[in-house]
Amino acid sequence: MIGVVLDRRYRIDSPIARGGMSTVYRGMDLRLDRPVAIKVMDPQFAADPQFLARFEFEARAVARLNHPGLVGVHDQGSDGEHAFLVMELVEGGTLRELLRERGPMPPHAAAAVARPVLEALAVAHRAGLVHRDVKPENVLISHSGDVKIADFGLVRAIAAAGTTSRSVILGTAAYLSPEQVTTGTADARSDVYAAGVLLYEMLTGVTPFTGDTSLSIAYQRIDNDVPEPSRAIPGVPPEFDEIVLRATERDPEERFADAGAMAARLRTVSAELQLPDYRVPAPRRTAQQPAVPTAVTTRAPGQHPEPGNRPAPVAPLDADAPTMVTPVDRPHDGVQHTKVVTTVTPRPSDDDFPPPDVPDARRPFGVPGKPRPGSRRTVLVWLLVILLVAGALGFGGWWLGSGRYAAVPAVDGLDTSGATSQIEAAGLSVETRGAYSDTVAVDAPVGTDPTTGSKLTRGSAVVLLVSLGRPSVPEVGGRGDVSSVEASLRERTFVPVDGGEAFSARIPVGGIAALEPAPGTMLTVGSEVRMIRSKGAAPVDVPGVSGMSEKEARKALDSAGITVREVQQVFDDKVDSGDAVGTDPEVGTSVKAGTSVVLKVSNAVKVPSLLGRSVSSAKSELDKLGLQYEVRQIVSSDRSLIISQNPGAGDRVVPGGTVTLTSLL
Numbered sequence: 031m032i033g034v035v036l037d038r039r040y041r042i043d044s045p046i047a048r049g050g051m052s053t054v055y056r057g058m059d060l061r062l063d064r065p066v067a068i069k070v071m072d073p074q075f076a077a078d079p080q081f082l083a084r085f086e087f088e089a090r091a092v093a094r095l096n097h098p099g100l101v102g103v104h105d106q107g108s109d110g111e112h113a114f115l116v117m118e119l120v121e122g123g124t125l126r127e128l129l130r131e132r133g134p135m136p137p138h139a140a141a142a143v144a145r146p147v148l149e150a151l152a153v154a155h156r157a158g159l160v161h162r163d164v165k166p167e168n169v170l171i172s173h174s175g176d177v178k179i180a181d182f183g184l185v186r187a188i189a190a191a192g193t194t195s196r197s198v199i200l201g202t203a204a205y206l207s208p209e210q211v212t213t214g215t216a217d218a219r220s221d222v223y224a225a226g227v228l229l230y231e232m233l234t235g236v237t238p239f240t241g242d243t244s245l246s247i248a249y250q251r252i253d254n255d256v257p258e259p260s261r262a263i264p265g266v267p268p269e270f271d272e273i274v275l276r277a278t279e280r281d282p283e284e285r286f287a288d289a290g291a292m293a294a295r296l297r298t299v300s301a302e303l304q305l306p307d308y309r310v311p312a313p314r315r316t317a318q319q320p321a322v323p324t325a326v327t328t329r330a331p332g333q334h335p336e337p338g339n340r341p342a343p344v345a346p347l348d349a350d351a352p353t354m355v356t357p358v359d360r361p362h363d364g365v366q367h368t369k370v371v372t373t374v375t376p377r378p379s380d381d382d383f384p385p386p387d388v389p390d391a392r393r394p395f396g397v398p399g400k401p402r403p404g405s406r407r408t409v410l411v412w413l414l415v416i417l418l419v420a421g422a423l424g425f426g427g428w429w430l431g432s433g434r435y436a437a438v439p440a441v442d443g444l445d446t447s448g449a450t451s452q453i454e455a456a457g458l459s460v461e462t463r464g465a466y467s468d469t470v471a472v473d474a475p476v477g478t479d480p481t482t483g484s485k486l487t488r489g490s491a492v493v494l495l496v497s498l499g500r501p502s503v504p505e506v507g508g509r510g511d512v513s514s515v516e517a518s519l520r521e522r523t524f525v526p527v528d529g530g531e532a533f534s535a536r537i538p539v540g541g542i543a544a545l546e547p548a549p550g551t552m553l554t555v556g557s558e559v560r561m562i563r564s565k566g567a568a569p570v571d572v573p574g575v576s577g578m579s580e581k582e583a584r585k586a587l588d589s590a591g592i593t594v595r596e597v598q599q600v601f602d603d604k605v606d607s608g609d610a611v612g613t614d615p616e617v618g619t620s621v622k623a624g625t626s627v628v629l630k631v632s633n634a635v636k637v638p639s640l641l642g643r644s645v646s647s648a649k650s651e652l653d654k655l656g657l658q659y660e661v662r663q664i665v666s667s668d669r670s671l672i673i674s675q676n677p678g679a680g681d682r683v684v685p686g687g688t689v690t691l692t693s694l695l
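Letter 630 of the sequence shown, counting from 1, is numbered 660 in my numbering, and no numbers are missing.
Pasting the structure below:
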């Protein structure tokens with residue numbers, strides 16, 4: 031694929047990683063002249079119209095999302111046998127590579143990775159999207175410390191392909207939720223389960239379940255709970271144990287409702303434990319290396335290079351291991367052949383620098399030995415060495431004393447750009463964070479963290495607090511989970527207090543049914559907000575509906591908070607067909623709001639007046655009503671007139687009942 035141009039726009043330069051169903055390449059957008067990442071699906075999928083339709087739908091859905099923690103999707107398409115996705119190129123590596131390089135993470139580092147991942151998933155969950163394959167390989171870390179999650183929707187697109195067997199479990203075994211293993215279904219809580227396993231692995235360096243095969247690993251979680259991380263690595267805070275255990279509950283109803291609720295709990299725990307801010311480092315050794323093409327000849331997907339002019343073969347890549355591809359020497363035949371050279375730019379390791387205590391004889395350039403007497407050159411060299419050492423000691427003393435420190439400047443009265451410039455001028459870097467304020471206008475600086483005058487080493491990060499204005503009471507989300515509501519209130523500076531109980535047909539007993547003041551109300555920073563707990567649905571009496579039409583009866587029951595579970599046809603000689611006879615339970619019975627009842631509707635047939643009509647006309651009328659008839663007459667004649675009937679006109683009979691007719695002759 032090296033040198034192929036997809037859709038006459040995207041040139042493939044070098045491979046980054048290869049999986050079971052796709053390969054990721056570093057490429058170039060020739061139209062906009064920018065580097066991109068190109069995911070090319072296995073050719074078997076490009077021939078499947080179901081996959082292509084789902085692939086395009088998922089790509090459009092993800093492209094609409096906007097969050098710094100999501101890898102941006104630029105384009106999607108198919109070219110010949112290649113279906114591809116064009117994404118933002120994240121220069122760096124994966125969380126898998128970082129874990130292999132450094133091992134288990136301390137809590138503050140694990141939180142620094144998990145927070146942006148959960149916040150990005152929360153944006154997708156609010157848009158109705160589910161990732162389905164959260165794992166370290168899909169968490170990217172840039173050289174600037176940005177954490178992003180990739181590969182949204184691809185599992186669902188592959189699941190739609192006719193080439194995929196119905197019996198195959200799609201996803202990565204170590205991170206599948208129990209419901210994905212047993213039923214193949216996934217929702218936001220499935221991503222929460224995978225995020226819990228991911229957090230466990232970051233804290234311990236291993237996944238909670240192991241086995242000889244992927245299937246055995248997947249099926250272990252059906253009967254086994256994920257253990258506490260502190261049992262594998264001592265020192266993990268109990269709060270992190272609680273987050274992992276709740277996120278990985280086998281029953282989806284017991285987990286966090288979505289990634290937003292899990293992120294809110296993680297922020298609360300980080301604040302309670304006073305975890306420091308942390309910039310996540312990119313792995314030093316990574317499979318992602320930029321290509322350095324010397325003379326790349328672009329070609330279409332179906333076009334092959336001329337004999338003797340093929341680029342060097344590229345070995346299959348593993349996402350976790352760097353690969354170097356070098357050109358193959360060919361005999362000179364008088365033709366200038368095109369070569370594609372992909373090089374790996376090595377990162378300097380500790381082995382590349384000699385230790386300071388290596389003897390002079392082992393250094394490339396040693397200090398000269400004892401000078402010869404009378405040598406002026408030797409004396410000058412020693413004088414120069416002494417001056418350099420003195421200068422270095424003087425600079426070192428100044429640097430270790432006050433030179434390497436800078437004071438956080440005051441930002442009062444400045445706008446955001448001015449405050450940023452002021453902090454950077456002091457030799458410090460700036461990070462921006464929102465803070466609620468009753469007095470400072472929105473988007474204006476509130477202050478800094480650390481505060482003005484604090485001494486920091488040069489280059490340290492200072493958080494510039496930007497006003498979000500006065501906080502407003504949040505909505506009660508999900509099923510009124512108490513911890514989630516409390517976390518949401520505290521995040522907005524509010525103090526949650528007990529507000530008593532109230533009936534609620536929507537929220538289960540014990541959950542938060544409502545907030546006072548109501549959601550959306552603007553309050554001062556630190557105000558109290560009362561949390562009203564649900565005591566279940568309120569009791570109601572079943573209303574009387576006899577004689578009403580079925581539509582009117584349903585409306586009366588709905589008004590009382592009662593739903594109709596079933597409509598039952600019964601005979602009642604006092605109620606017309608289609609009208610309500612009663613309910614089960616009966617009228618006046620006390621039930622909880624939301625209870626369903628059986629509505630009984632009459633199926634009685636009203637007998638029409640047939641006197642004076644001919645026998646044939648009477649028979650036709652009764653046939654339309656589905657009633658049987660018996661005619662009493664001396665001479666069988668359909669033209670004879672009816673002189674009596676039983677039952678009489680207006681009487682109600684059961685469906686299919688018999689009416690006796692007596693004619694004149």
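Glycine included, every Cβ here is placed at the ideal spot set by N, Cα and C.
Inset, instruction - For Pro282, I'd like the list of residues in its chain whose CB is within less than 7 Å of its CB, leaving aside the five on either flank, ordered along the chain. - result: Glu209 and Arg219
Inset, instruction - Report the rounded CA-to-CA distance for Thr278 versus Gly226, giving the unit in angstroms. - result: Distance between the alpha carbons of Thr278 and Gly226: 6 Å.
Legend entry - CA nearest to the CA of Asp211, picked from Gln304, Ser246 and Glu167: Before going on, a small fix: residue 211 reads as Val here, not Asp. For the residues Gln304, Ser246 and Glu167, the minimum Cα distance to Val211 belongs to Ser246.
Legend entry - Classification of Asn676 by the beta-carbon crowding that lies within 10 angstroms, buried from 16 upward: exposed
Legend entry - Assumed close pair Gly57, Asp37 - CB separation to whole angstroms, cut-off 8 Å: With 8 Å as the limit, Gly57 and Asp37 do not qualify as a contact, their Cβ atoms being about 11 Å apart.
Inset, instruction - Over the uninterrupted beta strand (DSSP E) stretch that includes Glu461, give me the two end residues. - result: Run containing Glu461: Ser459 to Ala465, per the beta strand (DSSP E) assignment.
Legend entry - Span separating the alpha-carbon of Glu111 from that of Gly175: 37 Å
Legend entry - Given 8 Å, three or more beta-carbon pairs between the stretch 107–124 and the stretch 70–81: yes
Legend entry - Beta-carbon proximity of Pro259 to Tyr230, cut-off 8 Å: yes
Inset, instruction - Examine the Cβ distances between the stretch 584–595 and the stretch 619–628 and report whether three or more of them are shorter than 8 Å. - result: Counting C-beta pairs closer than 8 Å gives three or more between the stretch 584–595 and the stretch 619–628, which meets the contact rule.
Legend entry - Runs of alpha helix (DSSP H) wholly within the stretch 131–177 (minimum 4 residues, chain order): With a minimum length of 4 residues, the continuous alpha helix (DSSP H) runs that stay inside the stretch 131–177 are 137–156.
Legend entry - Contact under 8 Å by Cβ, Ser108 with Ala83: no
Inset, instruction - Could you work out which residue in Asp163, Leu417, Asp681 and Ala474 is closest to Arg500 when comparing CA atoms only? - result: Ala474
Legend entry - Neighbourhood of Ala154 by C-beta distance below 7 Å, restricted to the same chain and skipping five residues each side: Leu95, His161 and Phe182
Legend entry - Sequence-distant residues of its chain with Cβ nearer than 8 Å to Pro386 (five each side left out): The predicted model places Pro386 with a pLDDT of 34, which falls under 50 and marks its position as unreliable; any figure quoted below should be read in that light. Counting only Cβ-Cβ distances below 8 Å, and skipping sequence neighbours, we find nothing.
Inset, instruction - Take Glu272 as the anchor and find which of Leu296, Ile252 and Ile263 has the nearest alpha-carbon. - result: Leu296
Legend entry - Three-pair Cβ contact test at 8 Å for the stretch 547–560 versus the stretch 569–583: no
Legend entry - Contact set for Tyr466: own chain, Cβ-Cβ below 6 Å, skip 5 residues either direction: Only residues of its own chain outside the window of five on either side were considered, and among them Leu498, Pro501, Thr523 and Val555 have a CB closer than 6 Å to the CB of Tyr466, listed in chain order.
Inset, instruction - Closer than 8 Å by C-beta to Ile542: which residues in its own chain qualify, once you throw out the five before and the five after it? Chain order, please. - result: Val506, Gly510, Asp511, Val512, Val515, Met561, Ile562, Arg563 and Ser564
Legend entry - Element boundaries [alpha helix (DSSP H), containing Val645]: Counting along the chain, the alpha helix (DSSP H) containing Val645 begins and ends at Val645 to Leu655.
Legend entry - Reduced DSSP secondary structure (H/G/I, E/B, other) of Gly421: helix
Inset, instruction - Pull up the distance between the alpha-carbon of Glu531 and that of Glu546, whole angstroms please. - result: Take the alpha-carbon of Glu531 and the one of Glu546: they are about 12 Å apart.
Inset, instruction - Quick one: give me the first and last residue of the beta strand (DSSP E) that Phe114 is part of. - result: His112 to Met117
Legend entry - Cβ-Cβ distance between Ala144 and Asp288 below 8 Å: no
Legend entry - Burial state of Gln452 (16 or more Cβ within 10 Å): Classification for Gln452: buried.
Inset, instruction - Since I believe Val637 is in contact with Val570 (beta carbons under 8 Å), could you give me their beta-carbon distance rounded to a whole number of angstroms? - result: In fact, because the Cβ distance is near 39 Å, the residues do not count as touching under 8 Å.
Inset, instruction - Using DSSP bridges, identify the partner residues of Ala47. - result: Val54
Inset, instruction - State buried or exposed for Asp614, treating a residue as buried only when at least 16 other CB atoms are found within 10 Å of its CB. - result: exposed
Legend entry - Per-residue DSSP class, three states only, for Ala287: coil
Inset, instruction - Reducing DSSP to helix, strand and coil, say where Arg509 ends up. - result: coil
Inset, instruction - With a 10 Å radius around its C-beta and 16 neighbouring C-beta atoms as the bar for buried, classify Gln658 as buried or exposed. - result: exposed
Legend entry - DSSP-derived helix/strand/coil call for Thr487: strand
Legend entry - Per DSSP, the bridge partner or partners of Met71: Ser52
Inset, instruction - With DSSP as the reference, label Ile42 as helix, strand or coil. - result: strand
Inset, instruction - Tell me, to the nearest whole angstrom, how far the beta carbon of Ser644 is from that of Arg669; I am working on the premise that it is less than 8 Å. - result: Yes, Ser644 and Arg669 are in contact; Cβ-Cβ is about 6 Å, under 8 Å.
Legend entry - Nearest neighbour of His173, chosen from Ala312, Leu148 and Ala301 [CA to CA]: Ala312
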